[in-house]
């Protein structure tokens, strides 16, 4: 069952339903949702088929693999991104991980899905909760103000959003909070966004102007009289101030490694080029670097849960990001709110592609569809607990 989960990291409210934390408190709020549904039909099982002959160049185990269906639309000339992916596979001399495929498809600097266009809303490929009502951003603003109050109303505080889409959430937050001058005047807004196209939309929606007379180029939002800065990563956001971090449907786009149980144990699923020049999934014949994260995830889950699944997704970037957030909150104070769709347990085979509000083949025309996965909230919790000690 899909869940929307809120993770609140706070230096003051230190409790959990299952264990005592020194940094993070967790709130799990379950609700049914049909906004994004796992793409269970994108492949068919091939267990009954004999395995193909081994490749002359690379030994790859393709037994027990899922095989994608025929592409949903007529093939066209190869895009620059398709050529780029095939070149990576060619020059490496073998397949790439699903995580590498996702990262190139979504954030390649020249042809990535998010990098050069507006993909949100009815005219894009999918709609998020922000597009439905401004109340969503206003309610997040209430949470942020309550946290600011709990911190003693500091004169300066970093307000950070990870992956701010069009800037809709913060625009609604600032409009709703505009009458609370002490709060808005304390804010230093930091947008963590790697897409130049989305940065422009965020600049417009926050009604920013360039601030003159400063040593470095800075921007000023006229919505509530606050400074705004853009960064490619959270690491670039200045430290030393209490920090409020918001991540709305950000974790679901982080690249995952997929593992499948085979005759040799757990094997990582990879992306290769087939003889007909299309992309296909294969299994790695030996352990990969991401196997270390798989071992950690299995340790967190326990043998009983692992024995019930034949696929596992792990997201090293989600683990690392969560620990970075927890460390920052521990040192500087503040809190974090993570809002996404996912499961409070092992995520098996959730990777999906959406184009024009319809599910499509993951490997079909990469760069033309959004790729996302369920978020493993149990792994996020364990990651935060490791920081808290």
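Residue numbers (this note's numbering): 387 to 775.
Backbone N, C-alpha and C fix where the C-beta goes; we use that ideal spot for every residue, glycine too.
In this chain, residue 754 is not harboured by any beta strand (DSSP E), its DSSP state being neither H nor E. Fully contained in the region 694-741 are the following alpha helix (DSSP H) runs of length 4 or more, in chain order: 702-718. Two segments are said to touch when three or more pairs of C-beta atoms, one from each, lie closer than 8 Å; by this definition the region 518-534 does not touch the region 680-696. Spatial neighbours of residue 713 in its own chain (CB-CB distance under 8 Å, excluding positions within 5 residues in sequence) are listed in chain order as 773. Linking residue 705 to residue 638 through their CA atoms gives a straight-line distance of about 13 Å.
Comparing alpha-carbon positions, the option among 673, 470, 685 lying closest to residue 655 turns out to be 673.
Rounded to the nearest angstrom, the Cβ distance from residue 482 to residue 659 is 10 Å, too far for a contact under 8 Å.
Take the alpha-carbon of residue 539 and the one of residue 649: they are about 58 Å apart. By a beta-carbon distance limit of 8 Å, residue 664 does not contact residue 708. Their separation comes to about 36 Å. Annotated as distal: residue 618 and residue 548, with beta-carbon spacing of 9 Å or more.
The beta-carbon distance between residue 552 and residue 587, rounded to whole angstroms, is 5 Å. This is short enough to meet the 8 Å contact definition.
The C-beta of residue 646 has 16 or more other C-beta atoms within 10 Å across all chains shown, which makes the residue buried. In chain order, 553, 556, 557, 607, 609, 614 place their CB closer than 7 Å to the CB of residue 592, counting only its own chain and leaving out the 5 sequence neighbours on each side.
From the listed residues 479, 518, 477, 466, the smallest Cα separation to residue 499 is found for 466. For the 9 Å CB-CB criterion, residue 739 and residue 750 form a contact. For residue 526, the closest alpha carbon among the candidates 724, 681, 679, 537 is that of 724. When C-alpha distances from residue 468 are compared across 497, 477, 759, 478, the shortest belongs to 497. In its own chain, leaving out the 5 sequence neighbours on each side, no residue places its CB closer than 6 Å to the CB of residue 661. For residue 522, the uninterrupted alpha helix (DSSP H) segment begins and ends at 521-536. Boundaries of the alpha helix (DSSP H) harbouring residue 558: 554-563, taken from the DSSP string.
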